[in-house]
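Enquirer: Protein chains in written order, with the working numbering: chain R, 1225 to 1651; chain G, 1225 to 1651. The structure follows.
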């Protein structure tokens, strides 16, 4: 590295610019890489991570010690820790990415036009992806792996608390790339812990094509507010299940229970349950009992509180809350109109599901709910790149430009037009 | 309008914010609009423009008078002018948009997953499109028509020199929308000529989903540099034709001549011709003669100048020039390697074409040239939404995020995920 972060007169702007230039140059080589070379690199990185597990754990221990000294809480320290199981999972993840079909070069929609030319699209990499993430060091391998497979270069800025772990993982990434004849510079890890590096990254329009932040809401808000480069992100997962009065009650109960209790701390967990007036008195008592047994705290609208006596009354802010915890807001609504209006007003455009037996209402919900995943008769917990068949997921977008919903390899690419002719000219 | 631009204490920031709120509200109604209502609105706007041609021409004369007083040159005044022919073309354009298939609600790729859910995509509008454009008032109708058809609301900021014309066209747009039962507020025209309005627009992240600038390079650079909102744009059209040594000479000559001389002032005209060393001496003399006859000034690399005696030697800046004029830079290259490297270095990622009889070189050129349109044996002049079968074109993007190449109705939409289940839960 030509800029040494520990040097006295370290200039973060110069350092980041150099890093950007190297990534941009390497991106051209990555775009041309054969499927074989990319898959070889991914499998070789997986092997290197496993073979170097002891060294990696030693580097990780440095991060853990600094973290303990700095008073990181137990949850953060747990996220930071790399053990053999987690290193094995990283390696396995990379091997799974290697086994996915290569999206790059895929040609589609080739059609003849009246002029005689044949026009279609070819899928190509985006170029350079900027990943800004927090403490989990496994993101370094996962995200770089997806970018590598999709023919992109990356600039990765992980949390300073994971710097030793991230550097060690990056060495494997670069060794694996070089071993497969690909540019090692295609993975650039920001090795300075200077916080100004993030600000620099977010202004590097000519070096970075898209920014993907991974982490807590604070990080994502900051990135999204400051970035001059397009950001693929979601801030909240305020997901809803709406139980229509035509719903099969057992199905409704199963989906509403699963969407809340399968996992609490995930963005596709249900946070608000909407129930049609006509079935609330029939469905809520039994469902409420199951939530209570599972230890879920309920907060209801006045109509809900009439049915489920003794629960806390929901405040306005409950409808906007992403609890990520065993807490659920419940609202009784008149029907699909009010349910859709509630979701589009209070939701976060992440994932919302209707449980219904009514064809027209299912169709309407799918069209009118303005979310990145809209479901009929399925648990919101399915909103996930792997469950959707994308093979893997680098994030979920609740925005509309470029990607909406879980983002897999396809979201890390774009399509150019290609034209095949036989000497055609315009007249 | 609640904010009157001519009021004494006019606050452009408040005015733009209000406009943004109205557009955002209207966008929800537009997203739900039926195909029938949208097509009715488009045809009714076309009728209104034709029926109101006299009034429109009267408003346009005000702009022309102010323009003359302010010393606009003849070319600008010509672009500004609306006559019966141009009004008829605007109306015809809207009727053609009405006749296109509705992209909104299109469902694709529905596939069953091992969990039993069926997952696919539904095409939905982007939301609110910000259009910033220069003197041609017809853009008001064309761009608003495409946004309307794709279910989007628009905020339109035209050049101050066309303000009377743009207001008059906007009245027809809003009347046509309302007549079809759609929200008139879906078209917001920035009625102040305060230049700060553009700056405000470029920061309205919560009100506008994407900015599309239409006009000269100065405008597009400014928009692209300042915008906090993603921009769909191209700056330059430095297009190349590469004549490979395996090319059919007559085909090569026809394409190279057409790409340069069919129209000079357009972004998909060829600006640099690359010729393989092996055929340069055979092809250039005859082609040079044809260019000379057509009045095209040639500027060549040293090898070109040896073949075409008496032409001016090209400077480094000629390889980066978008002449938009009867001027052509010519470079003799060793073969496809040097041609591809030249295009990726000096080009603008717009449109580049190879003329070749060689299968492997055609395949390589398609993959390795990093442009939004890459062609084999066809004139660069085909790079156009209409020629590609998109039905119409709101612009061309040389960027990679969201859209690359000509942008039609599809580029004004995105796809959300939809999931159809039978009571599926995650286990």
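Each residue gets a CB set at the ideal place from its N, CA and C atoms; glycine is no exception. Given the structure is predicted, the values throughout are model-derived calculations rather than measurements.
(1) Quick one, which of R:1580, R:1451 and R:1513 has its alpha-carbon nearest residue 1502 of chain R's?
(2) Residue 1344 of chain G lies in the beta strand (DSSP E); which residues open and close that run?
(3) Compile a chain-ordered list of the residues in the stretch 1590 to 1609 of chain R whose CB is closer than 8 angstroms to at least one CB of chain G.
(4) Taking residue 1619 of chain R as the reference, give the member of R:1482, R:1418, R:1356 and R:1555 with the closest Cα.
(5) Label residue 1469 of chain R either buried or exposed according to how many other C-beta atoms from any shown protein chain fall within 10 Å of its C-beta, with 16 as the threshold for buried.
(6) Report the residues of the stretch 1255 to 1269 of chain G with a CB closer than 9 angstroms to any CB of chain R, ordered along the chain.
(7) Report all residues from its chain with a CB closer than 8 angstroms to the CB of residue 1559 of chain G; omit the five preceding and five following residues, and keep chain order.
(8) Suppose the cutoff is 7 angstroms on Cβ atoms and the five residues either side in sequence are ignored; what does the same chain contact list for residue 1628 of chain G look like?
(9) Could you tell me the boundaries of the alpha helix (DSSP H) in which residue 1502 of chain G lies?
(10) Helix, strand or coil for residue 1335 of chain R, going by three-state DSSP, please let me know.
(11) Relative to chain R, which residues along the stretch 1329 to 1346 of chain G have a C-beta separation below 7 angstroms, given in chain order?
(12) Would you list, in chain order, the members of the stretch 1478 to 1511 of chain R that have their beta-carbon closer than 7 angstroms to a beta-carbon of chain G?
(13) What distance in whole Å lies between the Cβ atoms of residue 1377 of chain R and residue 1247 of chain R, which are believed to be in contact at a cut-off of 8 angstroms?
(14) Can you list, in chain order, the residues of its chain with a C-beta nearer than 8 angstroms to that of residue 1340 of chain R? Leave out the 5 residues immediately preceding and following it.
(15) Could you tell me the alpha carbon to alpha carbon distance between residue 1399 of chain R and residue 1448 of chain R, rounded to whole angstroms?
(16) Taking the DSSP output, what are the residues bridged to residue 1380 of chain G?
(17) So with CB distances below 7 angstroms, who are the chain R contacts of residue 1458 of chain G?
(18) So, residue 1604 of chain R versus residue 1491 of chain R, is the Cβ gap smaller than 7 angstroms?
(19) Contact check, residue 1615 of chain G vs residue 1324 of chain G under 8 angstroms by CB: the rounded distance?
(20) If you pair each beta-carbon of the stretch 1565 to 1579 of chain G with each one of the stretch 1430 to 1438 of chain G, do three or more pairs fall below 8 angstroms?
(21) Considering residue 1638 of chain R, what are the terminal residues of the beta strand (DSSP E) in which it resides?
(22) DSSP three-state call for residue 1626 of chain R: helix, strand or coil?
(23) Please work out which residues of its chain come closer than 6 angstroms, Cβ to Cβ, to residue 1528 of chain R, disregarding the five sequence neighbours upstream and downstream, and give them in chain order.
(24) Would residue 1467 of chain G count as contacting chain R if we go by Cβ distances under 7 angstroms?
(25) Buried or exposed: where does residue 1244 of chain G fall if 16 or more other Cβ atoms within 10 Å of its Cβ makes it buried?
(26) Does any C-beta atom of chain R lie closer than 7 angstroms to the C-beta of residue 1475 of chain G?
(27) Examine chain R for any beta-carbon lying closer than 7 angstroms to the beta-carbon of residue 1648 of chain G, and answer yes or no.
(28) Out of R:1631, R:1372 and R:1520, point me to the one whose CA is closest to residue 1494 of chain R's CA.
(29) Cα-Cα, which of G:1610, G:1641, G:1586 and G:1310 is closest to residue 1612 of chain R?
(30) Under 7 angstroms, Cβ to Cβ, is there at least one residue of chain R near residue 1636 of chain G?
(31) Could you give the distance in angstroms between the alpha-carbon of residue 1589 of chain R and the alpha-carbon of residue 1564 of chain R?
(32) Determine the contact status of residue 1359 of chain G and residue 1304 of chain G, defining contact as a CB-CB distance below 7 angstroms.
(33) Does the stretch 1271 to 1281 of chain G touch the stretch 1388 to 1406 of chain G, meaning 3 or more C-beta pairs lie closer than 8 angstroms?
(34) With distances taken Cα to Cα, identify the nearest neighbour of residue 1632 of chain G among G:1369, G:1592 and G:1270.
(35) Would you call the CB atoms of residue 1441 of chain R and residue 1459 of chain R closer than 7 angstroms?
(36) Verify whether the separation of the beta carbon atoms of residue 1366 of chain G and residue 1317 of chain G is less than 7 angstroms.
Expert: Reading off the structure:
(1) R:1580
(2) Residue 1344 of chain G -> beta strand (DSSP E) spans 1342 to 1349.
(3) Result list: 1590, 1591, 1592, 1594, 1595, 1596, 1597, 1598, 1599, 1600, 1601, 1602, 1603, 1605, 1606 and 1607.
(4) R:1356
(5) buried
(6) 1255 and 1256
(7) Same-chain partners within the cutoff: 1468, 1469, 1500, 1501 and 1502.
(8) 1596 and 1621
(9) 1501 to 1517
(10) strand
(11) 1329, 1335, 1337, 1339, 1341, 1343 and 1346
(12) Within the stretch 1478 to 1511 of chain R, contact with chain G at the beta-carbon level (separation under 7 angstroms) is assigned to 1478, 1479, 1482 and 1486.
(13) 4 angstroms
(14) Excluding sequence neighbours, residue 1340 of chain R sits near 1645, 1646 and 1648.
(15) Linking residue 1399 of chain R to residue 1448 of chain R through their CA atoms gives a straight-line distance of about 33 angstroms.
(16) In the DSSP assignment, residue 1380 of chain G is bridged to G:1355 and G:1413.
(17) None at all; the shortest Cβ gap to chain R is about 13 angstroms.
(18) no
(19) 4 angstroms
(20) no
(21) Residue range 1637 to 1648 is occupied by the beta strand (DSSP E) that includes residue 1638 of chain R.
(22) Of the three classes helix, strand and coil, the one that applies to residue 1626 of chain R here is coil, per DSSP.
(23) 1554 and 1556
(24) no
(25) buried
(26) yes
(27) yes
(28) R:1520
(29) G:1641
(30) no
(31) 7 angstroms
(32) yes
(33) yes
(34) G:1369
(35) yes
(36) yes
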